[in-house]
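Engineer:
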Amino acid sequence: MDDLYREVIIEHYKNPSHKGHLEPHDISFEDSNPLCGDHIEITLRTDASGHIADARFDGRGCAISQASADLLVESIIGKPLEEVKKLNKEYILDMLGIELGPVRLKCALLSLKVLKAGIYGLGQASDDLVE
Amino acid sequence: MLNVNEIRKVFPILQRETQPGTRLVYLDSTATSQKPLAVLNAMENYYRSSNANIHRGVHTLAEEATTLYEQAREKIARFINAPSARQIIYTRNTTESINLVAYTWARANLKAGELVILTEMEHHSNLVPWQMLQMERGLELDFIPVTEDGLLDLDAYKALLSRSPKLVSFTHMSNVLGTINPAGEIIRLAHSVGAVALVDAAQSVPHLKVDVQALDADFLAFSAHKMCGPTGIGALYGRTELLESMPPFLGGGDMIKEVHLRSFRANTLPHKFEAGTPAIAEAVGFGAAVDYLSSLGMDNIAAHEHEITEYALERLEEVPGLKLFGPSADKKGGVAAFTFEGIHPHDVAQILDRDGIAIRAGHHCAQPLHEKFGIPATSRASFYLYNTKDEVDMLVNGIYKVREMFA
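Listed in order, the protein sequences are those of chains A and B. Per the numbering used here, residue 161 is the first one in the first sequence, and the count goes up by one each step. Per the numbering used here, residue 41 is the first one in the second sequence, and the count goes up by one each step.
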């Protein structure tokens, strides 16, 4: 718990490196966390070989949700889409390097849910996408 | 005045630490209150010595359980000055009480195109049931606006009344702004155009003396868990003629007088609206909560909360970058909702939690109100009979710590 606001989280929250809206893009999706109003949009572009060429996130919300979105988007650039489809909860938690209770977990996982719902072309970013 | 030190001793949870050496500072009573020993003991005693299903049983335990269940109803009726205990319907909570009115009275009485007036400061529990009915029936919904300083715009309300609403359903006290609305006047104006008035009293009954006859309320809904009672039980007060004329709510045991294969006759009040085995132990706990609050005196409780709230608003206003929502202390109950210089409320709440300080963060089930003020969420500290000025100081110190972390 004492690590919750690790420097890396505060830093990515205050100075995100991949915040914005990518134009043109192949995939875009947005959703919000109904419990706390965190909102994330992810836009991304793929190259001919099915790798993610570039990606951005936009949104508002708590430090955990915004930092995890920034870290996630940064980390997927250059990865094949097929690999990104397999990312799960542990991937995010490893990046954040913290433990989270059930409420804050939803903040941390919102960006991954949005990303996967976008890649799969789903209408909704549901919880089972990140299990 | 209240002896808060003595009061704190009968709330066992207030003695706990959230981590070794960190005592709990509970500032989230607007979400749910803590429970005194009197309530915990009443429920445990019920299970230990009187547990049985109510009504129809003739054995000793069934008699005792029925008596305790119905005595609690009488206590609750006296607490809000209802003319009769038959006008108190047990429900699960305020939400279910409002839904009960929407499903029975409203479905029997409201037609397409007819107007229901709500307010912009409603909890989702007094919005969504009417939106659902709007979709089903084609009702009109309109809203009394909230002013910048967090009050209802009564002139706008008077203008809405010229459109002959059938129902005015409003919160007595906002769970975010803390605003105590002039319920008596709102009801009087509703009646002047022939509308029925429903009061969401979830936040007022726990904190103020509420008198349904003085208010002339047609319906009034509240929950036990916000007033020192258990979760899982609430109440709906209704005017007798209305309750008598309404169709039943859920069908099943206890709500019937007689049942045949193809027909039934509904039971009399209040049982007509209480199908199935109810929350008996919770009703007993609800009665004990009402006894406990009555023994302290609602006026004393309100005066104590006012003192704490006034102090809290004063201290919070001093914090640079902190913006409070809602009216001044004289117009509100023990709620302080705020935003803090771009730091998300969840982060504020999480950092305060490290010092054992429990506040709530989010839209507090009042998303439209937050949209109105152009913010996604607020942090909310709320105060009850067991809170102290020391705890307010700890809150303020904690907020300064949050500021340092994000500096």
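The beta-carbon is built from N, C-alpha and C at its ideal position, and this holds for glycine as well.
Applying the criterion that 16 or more other CB atoms from any shown protein chain within 10 Å of the CB defines a buried residue, is K266(B) buried or exposed?
Structural biologist: For the purposes of this step, residue 266(B) is taken as the residue at position 226 of the second sequence. It is buried - the Cβ of K266(B) has at least 16 other Cβ atoms within 10 Å.
Engineer: First and last residue of the beta strand (DSSP E) that includes L276(B)?
Structural biologist: The sequence position of residue 276(B) within the second sequence is 236, counting from 1. 274–278 is the span of the beta strand (DSSP E), which, as asked, contains L276(B).
Engineer: Using a beta-carbon distance below 8 Å, is G197(A) in contact with chain B?
Structural biologist: Residue 197(A) sits at position 37 when you count from the first residue of the first sequence. For G197(A), the answer is yes, since a Cβ of chain B falls inside 8 Å of its Cβ.
Engineer: Output the boundary residues of the beta strand (DSSP E) element that contains A215(A).
Structural biologist: Your numbering for residue 215(A) matches position 55 in the first sequence. That run of the beta strand (DSSP E) goes 212–220.
Engineer: Report buried or exposed for V314(B), applying the criterion of at least 16 other Cβ atoms within 10 angstroms of its Cβ.
Structural biologist: For the purposes of this step, residue 314(B) is taken as residue 274 along the second sequence, with counting starting at 1. Checking the displayed sequence, the identity of residue 314(B) turns out to be Glu instead of Val. Looking at its Cβ environment, which holds 16 or more other Cβ atoms inside 10 Å, E314(B) is buried.
Engineer: With 8 Å as the C-beta to C-beta threshold (strictly closer), list the residues of the stretch 405–417 of chain B near chain A in chain order.
Structural biologist: Flagged, chain order: Q407, H410, P416, A417.
Engineer: Can you name, in chain order, every residue of its own chain whose Cβ lies under 8 Å from the Cβ of Q407(B), other than the five neighbours on each side?
Structural biologist: Along the second sequence, read from residue 1 onward, the residue named residue 407(B) stands at position 367. Closer than 8 Å at Cβ, skipping near neighbours: H164.
Engineer: Cβ of A223(B) versus every heavy atom of the ligand FAD: is any distance shorter than 7 Å?
Structural biologist: The ligand FAD is absent from the structure shown, which contains no ligand whatsoever.
Engineer: Taking the alpha helix (DSSP H) that F446(B) falls in, what are its first and last residues?
Structural biologist: The residue labelled residue 446(B) in the question sits at position 406 within the second sequence. F446(B) -> alpha helix (DSSP H) spans 429–446.
Engineer: Any beta carbon from chain B within less than 8 Å of A213(A)'s own beta carbon?
Structural biologist: By 1-based counting over the first sequence, the position of residue 213(A) is 53. Taking Cβ atoms only, chain B never reaches closer than 8 Å to A213(A), which makes this a no.
Engineer: At the level of alpha carbons, what is the spacing between L204(A) and A215(A)?
Structural biologist: The residue you call residue 204(A) lines up with position 44 of the first sequence. The residue you call residue 215(A) lines up with position 55 of the first sequence. Answer to the nearest angstrom: the Cα atoms are 4 Å apart.
Engineer: Alpha carbons only, please: which of A117(B), D331(B), G366(B), M161(B) is nearest the one belonging to T211(B)?
Structural biologist: Locating residue 211(B) in the second sequence gives position 171, where the first residue counts as 1. The candidate whose alpha carbon is nearest that of T211(B) is M161(B).
Engineer: Suppose the cutoff is 7 Å on Cβ atoms and the five residues either side in sequence are ignored; what does the same chain contact list for A122(B) look like?
Structural biologist: Looking up residue 122(B) in the second sequence gives position 82. I128, V252, Y277, listed in sequence order.
Engineer: If you reduce the DSSP assignment to three classes, tell me which class D339(B) lands in.
Structural biologist: What you label residue 339(B) is simply residue 299 of the second sequence in a count that begins at 1. Of the three classes helix, strand and coil, the one that applies to D339(B) here is helix, per DSSP.
Engineer: Would DSSP call K179(A) helix, strand or coil?
Structural biologist: The count along the first sequence starts at 1 and reaches residue 179(A) at position 19. Strand.
Engineer: DSSP puts T418(B) in a beta bridge; with which residues?
Structural biologist: Position 378 of the second sequence holds residue 418(B). T418(B) pairs with G402(B).
Engineer: Mapping the DSSP letters down to three states, classify R302(B) as helix, strand or coil.
Structural biologist: As a working note, residue 302(B) is residue 262 in the second sequence. Correct three-state label for R302(B): coil.
Engineer: Which residues mark the beginning and the end of the alpha helix (DSSP H) in which D393(B) is found?
Structural biologist: As a first step, residue 393(B) is located in the second sequence; it is residue number 353 there, counting from the start. Looking at the DSSP string, the run of the alpha helix (DSSP H) that includes D393(B) is 385–393.
Engineer: Do you know offhand how far L64(B)'s Cα is from I47(B)'s?
Structural biologist: The residue labelled residue 64(B) in the question sits at position 24 within the second sequence. The residue labelled residue 47(B) in the question sits at position 7 within the second sequence. So the two alpha carbons sit approximately 15 Å from each other.
Engineer: Which residues mark the beginning and the end of the beta strand (DSSP E) in which D68(B) is found?
Structural biologist: If you number the second sequence from 1, residue 68(B) lands on position 28. Taken as a continuous stretch (DSSP letters only), D68(B) belongs to no beta strand (DSSP E), as it is neither H nor E.
Engineer: Between R126(B) and I273(B), is the Cβ-Cβ spacing less than 8 Å?
Structural biologist: Along the second sequence, one-based indexing puts residue 126(B) at 86. Along the second sequence, one-based indexing puts residue 273(B) at 233. Result no, Cβ atoms of R126(B) and I273(B) do not sit closer than 8 Å.
Engineer: Under the three-state reduction of DSSP, which class applies to Q59(B): helix, strand or coil?
Structural biologist: In the second sequence, counting from the first residue as 1, residue 59(B) sits at position 19. The answer is strand: DSSP assigns Q59(B) an E or B state.
Engineer: Report yes or no: do three or more beta-carbon pairs, one from the stretch 79–87 of chain B and one from the stretch 279–288 of chain B, lie closer than 8 Å?
Structural biologist: No, the stretch 79–87 of chain B does not touch the stretch 279–288 of chain B.
Engineer: With a 10 Å radius around its C-beta and 16 neighbouring C-beta atoms as the bar for buried, classify A230(B) as buried or exposed.
Structural biologist: Locating residue 230(B) in the second sequence gives position 190, counting from the first residue. Buried: at least 16 other Cβ atoms inside 10 Å.
Engineer: Rounded to the nearest angstrom, what separates S263(B) and A117(B) at their Cα positions?
Structural biologist: Against the second sequence, residue 263(B) aligns to sequence position 223. Against the second sequence, residue 117(B) aligns to sequence position 77. So the two alpha carbons sit approximately 14 Å from each other.
Engineer: Please determine if the stretch 43–63 of chain B and the stretch 391–398 of chain B are in contact, where contact requires at least 3 C-beta pairs separated by less than 8 Å.
Structural biologist: The stretch 43–63 of chain B is in contact with the stretch 391–398 of chain B.
Engineer: Run through chain B and tell me which residues come within less than 9 Å of R264(A), C-beta to C-beta.
Structural biologist: What you label residue 264(A) is simply residue 104 of the first sequence in a count that begins at 1. Simply H386, Q390.
Engineer: Taking only beta-carbon positions, decide if L231(A) is within less than 8 Å of chain B.
Structural biologist: Position 71 of the first sequence, counted from the first residue, corresponds to residue 231(A). Taking Cβ atoms only, chain B never reaches closer than 8 Å to L231(A), which makes this a no.
Engineer: Curious, which full-length alpha helix (DSSP H) runs of at least 4 residues does the stretch 193–276 of chain B contain?
Structural biologist: If we require 4 residues or more, the alpha helix (DSSP H) runs fully inside the stretch 193–276 of chain B come out as 194–201, 223–232, 252–255.
Engineer: Just to make sure I have the definition right: I need the residues of chain B whose C-beta is within less than 8 Å of the C-beta of Y251(A). Which are they?
Structural biologist: As a position in the first sequence, residue 251(A) is number 91, starting the count at 1. Near Y251(A) there are no residues of chain B at all, since even the closest Cβ is about 22 Å away, more than 8 Å.
Engineer: Could you confirm whether any beta carbon from chain B is found closer than 8 Å to the beta carbon of A223(A)?
Structural biologist: By 1-based counting over the first sequence, the position of residue 223(A) is 63. Chain B, which has a Cβ nearer than 8 Å to the Cβ of A223(A), makes this yes.
Engineer: Is there contact between the stretch 195–205 of chain B and the stretch 150–161 of chain B, where contact requires at least three CB pairs shorter than 8 Å?
Structural biologist: With a cut-off of 8 Å, the stretch 150–161 of chain B and the stretch 195–205 of chain B count as touching, because enough Cβ pairs lie within range.
Engineer: Kindly indicate which residue of Y440(B), A342(B), N149(B), M286(B) has the alpha-carbon position closest to the one of K372(B).
Structural biologist: Position 332 of the second sequence, counted from the first residue, corresponds to residue 372(B). Among Y440(B), A342(B), N149(B), M286(B), the Cα nearest to that of K372(B) is on A342(B).
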